[in-house]
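**Q**
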Amino acid sequence: MKIITIIIASAVFALFLLPGLSASAQPEMGGEKTLSPYFFVKSDDPELDQLPLKSTFVKVNISGVIADVLVTQVYKNEGRRPLEAIYVFPASTRAAVYGMKMTIGERTITANIAERQEARRQYDQAKQAGKSASLLEQQRPNVFQMSVANILPSDVIKVELRYTELLVPTDKVYEFVYPTVVGPRYTEQRQDDANPREGWTRNPYLHQGETPTYNFNMGVNLSAGLPIQDVTCASHKVKINYEGPAFSRIELDPTEKYGGNRDFILKYRLSGGRVETGLLLFEGEKENFFLLMMQPPKRVSKEQIPPREYIFIVDVSGSMHGFPLNISKKLLKDLIGKLRPTDRFNVLLFAGSSSLMATQSLPATHGKIQTAIATIERQRGGGGTRL
Numbered sequence: 001m002k003i004i005t006i007i008i009a010s011a012v013f014a015l016f017l018l019p020g021l022s023a024s025a026q027p028e029m030g031g032e033k034t035l036s037p038y039f040f041v042k043s044d045d046p047e048l049d050q051l052p053l054k055s056t057f058v059k060v061n062i063s064g065v066i067a068d069v070l071v072t073q074v075y076k077n078e079g080r081r082p083l084e085a086i087y088v089f090p091a092s093t094r095a096a097v098y099g100m101k102m103t104i105g106e107r108t109i110t111a112n113i114a115e116r117q118e119a120r121r122q123y124d125q126a127k128q129a130g131k132s133a134s135l136l137e138q139q140r141p142n143v144f145q146m147s148v149a150n151i152l153p154s155d156v157i158k159v160e161l162r163y164t165e166l167l168v169p170t171d172k173v174y175e176f177v178y179p180t181v182v183g184p185r186y187t188e189q190r191q192d193d194a195n196p197r198e199g200w201t202r203n204p205y206l207h208q209g210e211t212p213t214y215n216f217n218m219g220v221n222l223s224a225g226l227p228i229q230d231v232t233c234a235s236h237k238v239k240i241n242y243e244g245p246a247f248s249r250i251e252l253d254p255t256e257k258y259g260g261n262r263d264f265i266l267k268y269r270l271s272g273g274r275v276e277t278g279l280l281l282f283e284g285e286k287e288n289f290f291l292l293m294m295q296p297p298k299r300v301s302k303e304q305i306p307p308r309e310y311i312f313i314v315d316v317s318g319s320m321h322g323f324p325l326n327i328s329k330k331l332l333k334d335l336i337g338k339l340r341p342t343d344r345f346n347v348l349l350f351a352g353s354s355s356l357m358a359t360q361s362l363p364a365t366h367g368k369i370q371t372a373i374a375t376i377e378r379q380r381g382g383g384g385t386r387l
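In the working numbering, the protein residues as written are 1 to 387.
So, in structure tokens, the structure goes:
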């Protein structure tokens, strides 16, 4: 097996293989097709066969708040001539691609980092020389577009793409999404523009719910670092196995036949109502590292709230005379009256000029609060407004 190291630009992969036949010109996207993630082949020749996706397998390892994702996809040139194609990969908006390997027959390619323009130059050079070549570019935050040249008849292509994603909880719910569908993309250009600057926005896409033409499988290992309360997946039928309080294994149910026609959405919550902490340890080849998890409490008691300092800024100019200033007085009396003795506060009044109630913030004692309320009550509103 021949292994060749190739070039990755920041969000750009340039890949080089053994010599092959010359490829057709790079295609422009035209029209919309209802397809799964795919290699798109553009040609005026009706006998030119497409490059169908055969299978997709996604392996996910979630450690704390980091999801490490390995996507393995298999394609095959079932036509009678070499192809150049564009592959569309719908990555997560928070994804950071860190590795790719492509295998075509007995040839294997891995990727290294290079500047975007240099990666494009090497791709064009390899294509002109009749070599199999690949170039992966991130066109929008959640869509990668990869150009591949000189795919020979009967070639089976195996693509392995690795990326990480940060999981940020919303209302204490963590969510991991693997997008299987490339949706239509926004562009400022008219759809009938004859020479679109962003031709990739016209990529075909698969509508939610339509039957995919390939096999799809998904596996998730969830190591939360803290006790897991529950795991749910409303998008797909899954089997969830809990292997300890902080570890769960999730797999697609065997009855899930068409999992590739909608995004895979996994949600989970961590248990515990107080401040919770957990530590994940990792051993590497050259160094070891750890991930510390801290979960805030569901409800914060008054004793846990640290002392705070408040500066209340009040407009007392002529435009506030009457009803507006009366509303401000009522609001400030309510806010200041609820301060805790451990808090500190001050009041800044402004109109044509400004003045502070005190030279520095005061403790929110009963006497200081009454002094502030009396100061506010004396205001009638007048003068200009200078900020």
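The beta carbon of each residue, even a glycine, is placed where N, CA and C say it ideally should be.
CB-CB under 8 Å to Val314, same chain, minus the five flanking residues each way: which ones, in chain order?
**A** What you label residue 314 is simply residue 314 of the sequence shown in a count that begins at 1. Counting only Cβ-Cβ distances below 8 Å, and skipping sequence neighbours, we find Ser328, Leu332, Val347, Leu348, Leu349, Phe350, Ile376, Gln379.
**Q** How about Arg262 and Lys172: do their beta carbons lie closer than 8 Å?
**A** Taking the sequence shown and counting its residues from 1, one reaches residue 262 at position 262. Taking the sequence shown and counting its residues from 1, one reaches residue 172 at position 172. Their beta carbons are not under 8 Å apart, which means Arg262 does not touch Lys172 by this criterion.
**Q** Between the stretch 65-85 and the stretch 150-164, are three or more C-beta pairs nearer than 8 Å?
**A** Touching, yes, given that three or more Cβ pairs across the two stretches are closer than 8 Å.
**Q** For Gly381 and Ser353, what's the separation of their Cα atoms in angstroms?
**A** As a working note, residue 381 is residue 381 in the sequence shown. As a working note, residue 353 is residue 353 in the sequence shown. So the two alpha carbons sit approximately 13 Å from each other.
**Q** What are the boundary residues of the alpha helix (DSSP H) that Lys391 is part of?
**A** Any answer about residue 391 is impossible in this case: the structure gives the chain only from 1 up to 387.
**Q** Roughly how far, in whole angstroms, is the beta-carbon of Thr56 from the beta-carbon of Val71, given that I think they are within contact range, below 8 Å?
**A** For the purposes of this step, residue 56 is taken as residue 56 along the sequence shown, with counting starting at 1. For the purposes of this step, residue 71 is taken as residue 71 along the sequence shown, with counting starting at 1. 7 Å between Cβ atoms; contact.
**Q** Would the beta-carbon of Gly225 fall within 8 Å of that of Met293?
**A** Your numbering for residue 225 matches position 225 in the sequence shown. Your numbering for residue 293 matches position 293 in the sequence shown. Yes, the Cβ-Cβ distance between Gly225 and Met293 is below 8 Å.
**Q** Does chain D have any CB closer than 8 Å to the CB of Ser271?
**A** Protein chains in the displayed structure number just one, and chain D is not present.
**Q** For Asp230 and Tyr242, what's the separation of their Cα atoms in angstroms?
**A** In the sequence shown, the residue the question calls residue 230 occupies position 230. In the sequence shown, the residue the question calls residue 242 occupies position 242. Whole-angstrom Cα-Cα distance: 10 Å.
**Q** Considering only their Cβ atoms, is the gap separating Glu175 from Ile265 smaller than 8 Å?
**A** Taking the first residue of the sequence shown as 1, we reach residue 265 at position 265. Taking the first residue of the sequence shown as 1, we reach residue 175 at position 175. For Ile265 and Glu175, yes; Cβs fall inside 8 Å.
**Q** Leaving out five residues on either side along the sequence, give the residues of the same chain with a beta carbon under 8 Å from the beta carbon of Lys237.
**A** On the sequence shown, residue 237 is found 237 positions in, with the first residue counted as 1. So the qualifying residues of the chain are Leu252, Asp253, Thr255, Glu256.
**Q** For Thr164, I'd like the list of residues in its chain whose CB is within less than 8 Å of its CB, leaving aside the five on either flank, ordered along the chain.
**A** Mapped onto the sequence shown, residue 164 falls at position 164. For Thr164, where only same-chain residues beyond five positions count, the Cβ hits under 8 Å are Ile66, Ala67, Asp68, Val69, Ala95, Ala96, Tyr98.
**Q** Out of Ile311, Val41, Leu281, which has the shortest C-alpha to C-alpha gap to Asp343?
**A** Numbered from its first residue, the sequence shown carries residue 343 at position 343. Nearest option by C-alpha distance: Ile311.
**Q** Would you mind reading off the limits of the alpha helix (DSSP H) that contains Ile228?
**A** In the sequence shown, counting from the first residue as 1, residue 228 sits at position 228. No alpha helix (DSSP H) holds Ile228; the beta strand (DSSP E) holding it covers 228-232.
**Q** Taking just the CA atoms, how far does Ile62 sit from Leu166?
**A** Taking the first residue of the sequence shown as 1, we reach residue 166 at position 166. Taking the first residue of the sequence shown as 1, we reach residue 62 at position 62. Those two C-alpha atoms are separated by around 10 Å.
**Q** Could you name the residues of the same chain whose beta carbon sits closer than 8 Å to that of Phe290, not counting the 5 residues immediately before and after it, in chain order?
**A** As a working note, residue 290 is residue 290 in the sequence shown. Correct list, in chain order: Leu279, Leu280, Leu281, Phe282.
**Q** For the candidate residues Pro245, Tyr75, Cys233, whose alpha-carbon lies nearest to that of Asn215?
**A** Here the question's residue 215 lines up with position 215 in the sequence shown. Closest by alpha carbon: Tyr75.
**Q** DSSP has Leu161 in a bridge; who is on the other side?
**A** The residue given as residue 161 occupies position 161 in the sequence shown. Answer is Val71, Met100.
**Q** Is Gln304 helix, strand or coil when you go by DSSP?
**A** By 1-based counting over the sequence shown, the position of residue 304 is 304. Reduced to three states, the DSSP call for Gln304 is helix.
**Q** With a cut-off of 8 Å on the beta carbons, I'd call Ser271 and Ile240 a contact; round off their distance for me.
**A** Residue 271 sits at position 271 when you count from the first residue of the sequence shown. Residue 240 sits at position 240 when you count from the first residue of the sequence shown. With 8 Å as the limit, Ser271 and Ile240 do not qualify as a contact, their Cβ atoms being about 15 Å apart.
**Q** Determine, using beta carbons only, whether Leu222 and Ile151 come nearer to each other than 8 Å.
**A** Locating residue 222 in the sequence shown gives position 222, counting from the first residue. Locating residue 151 in the sequence shown gives position 151, counting from the first residue. Taking 8 Å as the Cβ cut-off, Leu222 and Ile151 do not qualify as a contacting pair.
**Q** How big is the Cα-Cα spacing for Tyr123 and Arg274?
**A** By 1-based counting over the sequence shown, the position of residue 123 is 123. By 1-based counting over the sequence shown, the position of residue 274 is 274. The alpha-carbon atoms of Tyr123 and Arg274 are separated by roughly 55 Å.
**Q** What is the DSSP secondary structure of Thr385, reduced to helix, strand or coil?
**A** Here residue 385 refers to the residue found at position 385 when the sequence shown is read from its first residue. Note: Thr385 maps to coil in three-state DSSP.
**Q** If we ignore side chains and look at the alpha-carbon of each, how far apart do Val41 and Met100 end up?
**A** The sequence position of residue 41 within the sequence shown is 41, counting from 1. The sequence position of residue 100 within the sequence shown is 100, counting from 1. Their backbone Cα atoms lie some 22 Å apart in a straight line.
**Q** For Thr371, which residues in the same chain have their Cβ closer than 6 Å to its Cβ, ignoring the five residues on either side in sequence?
**A** Walking along the sequence shown from the start, residue 371 turns up at place 371. Excluding sequence neighbours, Thr371 sits near nothing in its chain.
**Q** Between Thr56 and the ligand ZN, is the CB less than 7 Å from at least one heavy atom?
**A** Only the bare structure without any ligand can be found here, which leaves the ligand ZN out of the picture.
**Q** When we look at the beta-carbon of Thr385 and count the other beta-carbons within 10 Å, is it buried (16 or more) or exposed?
**A** What you label residue 385 is simply residue 385 of the sequence shown in a count that begins at 1. Classification of Thr385: exposed, given that the 10 Å Cβ count is below 16.
**Q** DSSP state of Asp315, grouped into three classes?
**A** Translated into positions along the sequence shown, residue 315 becomes position 315. Note: Asp315 maps to strand in three-state DSSP.
**Q** Check whether the Cβ atoms of Ile336 and Ile369 lie closer than 8 Å to each other.
**A** Residue mapping note: residue 336 aligns to position 336 of the sequence shown, counting from 1. Residue mapping note: residue 369 aligns to position 369 of the sequence shown, counting from 1. Their beta carbons are under 8 Å apart, which means Ile336 touches Ile369 by this criterion.
**Q** Leaving out the 5 sequence neighbours to the left and right, which residues in its chain are closer than 6 Å to Pro363 when beta-carbon positions are compared?
**A** Here residue 363 is taken as the residue at index 363 of the sequence shown, counted from 1. So the list reads Arg344, once near-sequence residues are dropped.
**Q** Using DSSP with H/G/I as helix, E/B as strand and the rest coil, what is Ala95?
**A** In the sequence shown, the residue the question calls residue 95 occupies position 95. Reduced to three states, the DSSP call for Ala95 is strand.
**Q** Going by C-alpha to C-alpha distance, which of Gly259, Lys338, Glu106 sits closest to Ser235?
**A** Within the sequence shown, numbered from 1, the residue matching residue 235 stands at position 235. Among Gly259, Lys338, Glu106, the Cα nearest to that of Ser235 is on Gly259.
**Q** Bridge partners for Leu252 per DSSP, in chain order?
**A** As a first step, residue 252 is located in the sequence shown; it is residue number 252 there, counting from the start. Per DSSP, Val238.
**Q** Which one of Pro341, Gln360, Leu53 has the shortest CA to CA distance from Glu303?
**A** For the purposes of this step, residue 303 is identified with residue 303 of the sequence shown, where counting begins at 1. The residue with the shortest Cα to Cα distance from Glu303 is Pro341.
**Q** Nearest to Ala149 by alpha carbon, out of Glu276, Asn77, Pro179, Glu118?
**A** As a working mapping, residue 149 is identified with position 149 in the sequence shown. With distances taken between Cα atoms, Ala149 lies closest to Asn77.
**Q** The alpha helix (DSSP H) with Lys368 in it runs from where to where?
**A** Locating residue 368 in the sequence shown gives position 368, where the first residue counts as 1. Per DSSP, Lys368 belongs to the alpha helix (DSSP H) from 366-377.
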